[in-house]
Amino acid sequence: MNETIKLINKRASLRKYADKEISQQDKDTIINSALRAPTAGNMMLYSIIVIEDQEKKKLLSKSCDHQPFIAKAPLVMVFLADYQRWYDYYNLSAVKEFCLREDINYSSPSEADLMLACSDALIAAQNSVIAAESLGIGSCYIGDIMENYEKHQEILSLPEFVFPISMLVMGHYPEKRPGIKSRFDKKYLVFENEYRSLNEEELDNMFAERSQKFNPDNSFNADNYGQLMYARKTGAGFSKEMARSVRTMLKKWQK
8 MNETIKLINK
18 RASLRKYADK
28 EISQQDKDTI
38 INSALRAPTA
48 GNMMLYSIIV
58 IEDQEKKKLL
68 SKSCDHQPFI
78 AKAPLVMVFL
88 ADYQRWYDYY
98 NLSAVKEFCL
108 REDINYSSPS
118 EADLMLACSD
128 ALIAAQNSVI
138 AAESLGIGSC
148 YIGDIMENYE
158 KHQEILSLPE
168 FVFPISMLVM
178 GHYPEKRPGI
188 KSRFDKKYLV
198 FENEYRSLNE
208 EELDNMFAER
218 SQKFNPDNSF
228 NADNYGQLMY
238 ARKTGAGFSK
248 EMARSVRTML
258 KKWQK
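In terms of the numbering used here, the sequence shown opens at residue 8 and continues consecutively.
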């Protein structure tokens with residue numbers, strides 16, 4: 008097994024960090040690795056905000072579902088789906104006038120453009136995760152940055168066609184590393200040639216290990232693991248806020 012595969016297999020989300028700063032050289036390596044990520048048409052439809060200001064870290068730790076470890080992270084990076092820069096360049100390049108002259112329909116960025124920009128941003132983020140891992144620096148994705156769109160737009164000074172799709176917090180691994188969580192067996196996730204829905208027996212088998220750890224004495228009054236996960240994740244308040252936030256943002260891309 009080569010070193011890259013070893014890194015991928017031992018990586019775990021890190022929320023407690025060693026008392027050690029990340030050097031500027033390592034920060035540059037992480038960011039430069041992000042910039043080498045695959046990107047649609049070499050357009051690089053993303054931006055990265057490195058949060059150095061401690062007060063902003065504290066604000067984000069509260070607005071992102073009240074997670075104090077965010078404020079303690081030595082490195083915080085927000086990955087933005089960004090089509091604003093290209094449309095600013097299109098304006099500079101008189102694209103509207105060109106379209107009028109050539110009878111081409113000119114339009115604002117669409118939902119499809121947003122999806123493409125989100126893909127670009129997340130691919131870049133994962134490149135930075137692997138680069139950091141190779142330097143002994145752990146990371147944790149914060150999807151909650153998609154919540155509270157209006158607040159994050161203000162905190163980060165985001166223009167119209169920019170959306171924070173993910174945030175990464177990073178720090179050196181402490182002496183005691185977090186454990187590696189199991190994953191679902193690939194037979195439930197990887198198919199040949201076409202999608203296949205799982206039958207009831209396969210679903211039961213897929214979730215068997217997690218169901219065995221289900222505690223019937225839970226705060227959600229759930230009767231099984233499926234009910235527990237819906238209450239904790241899919242149907243939770245933060246998930247509803249994320250949906251509201253994304254719908255608010257999408258109005259700008261639906262013109």
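Don't be surprised by glycine CBs; every beta carbon is placed ideally from N, CA and C.
All of these numbers come straight from a predicted model, not from anything done at the bench.
Handout entry: Whole alpha helix (DSSP H) elements within the region 138–219, 4-residue minimum
Key = 156–163, 207–213 and 215–219
Exercise for the section: Assign methionine 256 to one of three DSSP states: helix, strand, or coil. Expected result: helix
Practice task
Report all residues from its chain with a CB closer than 6 Å to the CB of alanine 250; omit the five preceding and five following residues, and keep chain order.
Solution key: none
Practice task
Return the chain-ordered list of same chain residues with a C-beta closer than 8 Å to the C-beta of arginine 43, the five sequence neighbours on each side being excluded.
Solution key: Asn134
Problem - Buried versus exposed, by CB contacts within 10 Å (16 or more), histidine 73 - result: exposed
Exercise for the section: Name the two residues that bound the continuous alpha helix (DSSP H) containing aspartate 95. Expected result: 91–99
Problem - Cα-Cα separation between serine 217 and proline 223, rounded to whole angstroms - result: First, the amino acid is wrong: residue 217 is arginine here, not serine. Whole-angstrom Cα-Cα distance: 13 Å.
Problem - Residue burial classification, methionine 122 (beta-carbon count within 10 angstroms, cutoff 16) - result: exposed
Exercise for the section: With DSSP collapsed to three states, give me the class of isoleucine 58. Expected result: coil
Practice task
Give a yes or no on whether 8 Å exceeds the smallest Cβ distance from alanine 47 to chain E.
Solution key: Among the chains of the structure shown, chain E does not appear; only one protein chain is present.
Handout entry: Helix, strand or coil at serine 226 [DSSP, three-state]
Key = coil
Handout entry: Residue from Asn9, Ile172, Gln160 and Asp35 whose Cα sits closest to the Cα of phenylalanine 86
Key = Ile172
Handout entry: Sufficient close CB pairs (3 or more, under 8 Å) joining the region 47–55 to the region 139–149
Key = no
Handout entry: Beta-carbon proximity list for leucine 163, same chain, < 7 Å, skipping 5 on both sides
Key = Ile56, Val85 and Pro171
Problem - Residue nearest to serine 20 in terms of C-alpha spacing, selected from Arg184, Lys220, Phe245 and Val253 - result: Arg184
Handout entry: Beta carbon of alanine 78 nearer than 8 Å to that of lysine 65
Key = yes
Handout entry: Nearest-angstrom Cβ-Cβ length linking arginine 130 and methionine 177, presumed shorter than 8 Å
Key = In the sequence under discussion, the amino acid at residue 130 is isoleucine, which differs from the arginine named in the question. Their Cβ separation, rounded to whole angstroms, is 17 Å, which puts isoleucine 130 and methionine 177 out of contact at 8 Å.
Handout entry: Nearest-angstrom Cα separation, counted from lysine 17 out to proline 181
Key = 14 Å
Exercise for the section: Would you check if the distance between the CB atom of alanine 25 and the CB atom of aspartate 127 is smaller than 8 Å? Expected result: no
Practice task
Kindly identify the DSSP beta-bridge partner or partners of serine 20.
Solution key: Ser146
Exercise for the section: Note down the Cα distance separating methionine 236 from lysine 34, rounded to an integer number of angstroms. Expected result: 36 Å
Practice task
For alanine 124, write down the residues that DSSP places opposite it in a beta bridge.
Solution key: None, per the DSSP bridge assignment.
Handout entry: lysine 27 versus isoleucine 15 - alpha carbon distance
Key = 23 Å
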